[in-house]
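Residue numbers (the working numbering), protein chains in the order written: chain L, 2 to 123; chain V, 2 to 123; chain C, 2 to 123; chain S, 2 to 123; chain E, 2 to 123; chain G, 2 to 123; chain H, 2 to 123; chain Y, 2 to 123; chain P, 2 to 123; chain F, 2 to 123.
Structural data, given as structure tokens:
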């Protein structure tokens, strides 16, 4: 069960806009169709408005998907929604990169707010 | 015989535009001129309007080219047409990367709708 | 249907022992259990006794597995048997490297005669 | 709970000794000390005596460690024991490669029988 | 002697604009100053207007430079001219990448028509 | 204790705008939460207005963070502030890339002035 | 001050000999000649006799070199001595890989007991 | 002593604008502060107006810096000035990439005229 | 026409045995069957007895194969014979690595004298 | 003029045999035939008997070849001789890797004493 209430935040150390990127290489959830585990990387990129997400709490939040049956596309949008709601950042981008299934590997990109053109590609 | 009717779809999990990319590293068809098999990667990238393509059905659709005699350029445009017709996405891009023939390796890029500039290069 | 009779040979250009290696990156057969295609690399390494295998005929022989339902382990031993029988080389080694299935990628190594220690690992 | 009874086997397709290697890049278990998930690759390498392990059953067996609290060293020896007991291979080697913890990444190698010198290093 | 008359063409399989890229890794000509052979890669990228270049004929055309004494810069412009004249594409780009000479490796980019910004860098 | 007074400068050798990039692969500070050391790369990129930073003094300045307890985000903004204040460059960008913690690796980008679009991504 | 008393151990989970490798990519000490920090990787490889080193305690032990003035060669031999004394393993190998100084990068290998030939090179 | 008079030129083989890039991986000069040699790559990229630089003369010109005491920033601007003056190209860009000093590696980019946006980053 | 008389030699600078390796990445000959050019790398490795081959003469000797119709296996044995005859080295090894033909890339290894075990694999 | 008297040494920090490797990526000398500079890497690997070479003095010794006209083979044997004479190590190995000349890159390996089999290949 994804648990956004695990997320903790701290005040951004600068009023100037800056960019933060966290890449988790240890994400796993479960395919709701086959029941087999899915494995992927999750990249969070954002420009904080007032608060930054605390790293260990982000890790625990990601771990809460471990036994959740949920499709790639839904995982990505769900994380985007949870983090955007909790942080109200200037902008935010979630990129998930999934290991191959049946010879096909996948990437999903979801965004919140105006992601600068430089990152439009993920 | 390419069989677009193998394709299945599910509702996009979000109304916000987002991007989906599936890279198949196991595509093969047959060169209509020499009768020898061709091997390549096929990348599908799109922004769903209402539906997303189901991954296993996409794999089966790609497999339906296995014994089809068809040129690189035609494969690429055919996949673009089949998927654009079936999904009516906001935009869609097909990139095929073919292993070398006679010391020359090839890439073909076909698009539907307005592919954002970030992906113009494939 | 694997067709070893497609294989052609030419006289080795030297009586001194030497080593020949051919790596095919375009091998495909079919999984007899699921009916899905398998993709892999096939490495042939041998020391000719009297004859060398002709490259184009080797390619055609490999292509004859295209629609054959056969397991990884059997493909590897079958190619080893066909080539060893047809060439009677001083020694011969077949290594197949298969793309991932279910998150697991595989390698099979079969040999004929005394493969020198330097290649024992494939 | 690791479930070796999930493992299935089929007859080796050749009486000549040959080598089989399966690399799973999607292994996860749980650290019994911290409760956090561990992620790693598991390589199985063996020379079959009479039977080969079926690939899908191997995947399911690995998945049975998903929520098990168990140290790196114990995982590796446990898999070695389970597979050696079930297959009685000529020889067998298990190599686990774990993602970094606290800036340290680890590899464990356990063996059964006489692993040829070529693979002594894993 | 470069022989553009070796080039053959076929009708583009789609009226929608699409992009074709052929990378030859086996180009060689001769330095007119030293008489030594030069080796390089030649990338052809274009958007067909009506016809596409046939792959084998392109290979033969490139081979016709084999014993030609011609500088890097001239090779690149010559290929651009020959292909642009013969195909009248929407746009076309030739990129040559040359192996090092005297510790210096070189790249030349010549274009015809309006190459989209995404490929401006070659 | 970060010591910006260690920084030394020399006159820019040209009045034309140009770009300077220094990548330090040996940055370390201390996590204020856990007390464990953090390790990262620090990239400084800038267009000098009048002065350039002297390389050895930059190294000593970076070393002054060695035993400082300070978060990733604060390090990045602090270095940006110290260098922008001391050099008054046309523009400046600081990118920190941190080794993984708990399976998550991070990058922070802070800027001063109008960083050209080409470097917007860091 | 290197503190070997930080090291903790647990019983080896198997009586069969097996090999454990821990690679720390975050080692730093201080050059006693210049006072500048040195950065390197430390690889510990061993076959346990009775006990295994606990991972977090190993990390803390390595951290105790952080402000120690000590040469590459001495670091390597010191870690070898501390771990061999504390664990009495069947054999043990320490490899340190140091980032470049003055355009020269270094590797030191120290051993205890009979390291198998497969790892003689580090 | 840098000797721009070593540079030789030939007429551009086309009136259409095209781009030429020469990457020298064997540049060395001397640090005026320490007297130690510096090593780097020098990339010259330009669009010829009327003439192209001859490759061997460019190599000799670069060699004339071999025993010159000169800073990174000054080398880059000096080469830019010498080549721009001698060739009057449509535009020109010099990028120097220097091996690490004290754990810091550097890149300097100097330009002449309007370098197209595609190369703004060097 | 291969011209071994182009080869020049100089006295080995030491009486102690040592090893010399020259890798040419610019070898080309012609396939006698198809008339198409072949491209490959040629590695010469040897322990001189009395003389060493002069580098430029080796290059010219390799260039003399440029328009020769000759199979991979014959090229390799021919170079081995020519160099062994001309130099009478303690031992010598020729390795040719050929770019792919029909999806198959090849390597041939021919030797003279007792090549030490360390290089048995090429 | 190579100056072995620049070399300085310190006592080995252990009586147990251990291995030291220093890789210099910034070696340059001059080709006595063409007068052009040569560039390469020099690897020194040894087991100290009583003393170790001090790193900065090794760098200065290598720099003393900067303007020396000397062939690849002679450089390698010269460094071997100078270091073996000055250090009397248990064994020592010098490997030089030279950037390409005329499309050919070279490696020379010279040894002193009994280099263990693990490093026989350089």
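For each residue, glycine too, the CB sits at the ideal point set by N, CA and C.
Asked: Where the segment 99-115 of chain H meets chain Y: residues whose CB sits under 9 Å from a CB there; Found: 100, 101, 102, 103, 104
Asked: Per-residue contacts from residue 122(G) into chain L (C-beta, under 8 Å); Found: 119, 120
Asked: Contact set between residue 87(E) and chain Y, taken where Cβ atoms lie within less than 7 Å; Found: Near residue 87(E) there are no residues of chain Y at all, since even the closest Cβ is about 17 Å away, more than 7 Å.
Asked: Nonlocal neighbours in the same chain, by C-beta distance under 6 Å from residue 111(H), ignoring five residues either side; Found: 77, 78, 81, 95
Asked: Contact list for the segment 17-40 of chain S against chain L, Cβ threshold 8 Å; Found: 26, 27, 29, 37, 38, 40
Asked: 8 Å Cβ shell around residue 26(L) - same chain, five flanking residues per side excluded; Found: 42
Asked: Cβ shell of residue 83(H) (< 6 Å), same chain only, five flanking positions each side left out; Found: 5
Asked: Candidates 114(F), 59(F), 50(F), 36(F), of which the one nearest residue 17(F) by Cα; Found: 50(F)
Asked: C-alpha gap between residue 35(H) and residue 29(C), whole angstroms; Found: 60 Å
Asked: Residue environment, residue 97(Y), which counts as buried when at least 16 other CB atoms sit within 10 Å; Found: buried
Asked: Among 63(C), 7(C), 88(C), nearest to residue 21(C) - alpha-carbon criterion; Found: 88(C)
Asked: For residue 71(P), three-class secondary structure by DSSP; Found: coil
Asked: Which of helix, strand or coil DSSP assigns to residue 91(V); Found: coil
Asked: Of the listed residues 74(F), 105(F), 8(F), nearest to residue 63(F) (C-alpha basis); Found: 8(F)
Asked: Amino acids of chain S, ordered along the chain, whose beta-carbon sits closer than 8 Å to that of residue 65(H); Found: Near residue 65(H) there are no residues of chain S at all, since even the closest Cβ is about 14 Å away, more than 8 Å.
Asked: 8 Å Cβ cutoff, residue 57(E) in contact with chain V; Found: yes
Asked: Distance, residue 45(V) Cα to residue 52(S) Cα; Found: 41 Å
Asked: Per-residue contacts from residue 60(V) into chain L (C-beta, under 9 Å); Found: 102, 103, 104, 105
Asked: Given residue 86(Y) as reference, the closest of 72(Y), 33(Y), 106(Y), 47(Y) once Cα atoms are compared; Found: 47(Y)
Asked: Residue 134(S) versus residue 56(S) - alpha carbon distance; Found: Since the first residue shown for chain S is 2 and the last is 123, residue 134(S) is missing from the structure and cannot be characterised.
Asked: Between the CA atoms of residue 37(L) and residue 65(S) - distance to the nearest angstrom; Found: 11 Å
Asked: For residue 40(E), the nearest candidate out of 59(E), 24(E), 113(E), 101(E) (CA to CA); Found: 101(E)
Asked: Reduced DSSP category for residue 98(G) - H, G, I as helix; E, B as strand; rest coil; Found: strand
Asked: Partners in chain H for residue 1(F), counting only beta-carbon separations shorter than 9 Å; Found: Given that chain F is displayed from residue 2 to residue 123, the structure contains no residue 1(F) and the question cannot be resolved.
Asked: CA nearest to the CA of residue 54(S), picked from 106(S), 105(S), 12(S), 123(S); Found: 12(S)
Asked: Rounded C-alpha distance that separates residue 107(F) from residue 72(F); Found: 12 Å
Asked: Nearest-angstrom beta carbon gap, residue 31(P) and residue 69(P) [assumed within contact, 8 Å]; Found: 6 Å
Asked: Span of the beta strand (DSSP E) around residue 45(P); Found: 38-48
Asked: Expected contact under 8 Å - CB spacing of residue 14(E) and residue 74(V) to nearest Å; Found: 5 Å
Asked: Inter-residue spacing [alpha-carbon to alpha-carbon] between residue 19(F) and residue 119(V); Found: 53 Å
Asked: Chain-ordered chain Y contacts of residue 75(E) [CB-CB under 9 Å]; Found: 14, 15
Asked: Boundaries (first-last residue) of the beta strand (DSSP E) holding residue 58(H); Found: Here residue 58(H) belongs to no beta strand (DSSP E); instead the alpha helix (DSSP H) covers 56-64.
Asked: Start and end residues, beta strand (DSSP E) containing residue 114(Y); Found: 105-114
Asked: Partner residues on chain F for residue 78(H), Cβ-Cβ distance less than 8 Å; Found: 14, 15, 17, 19
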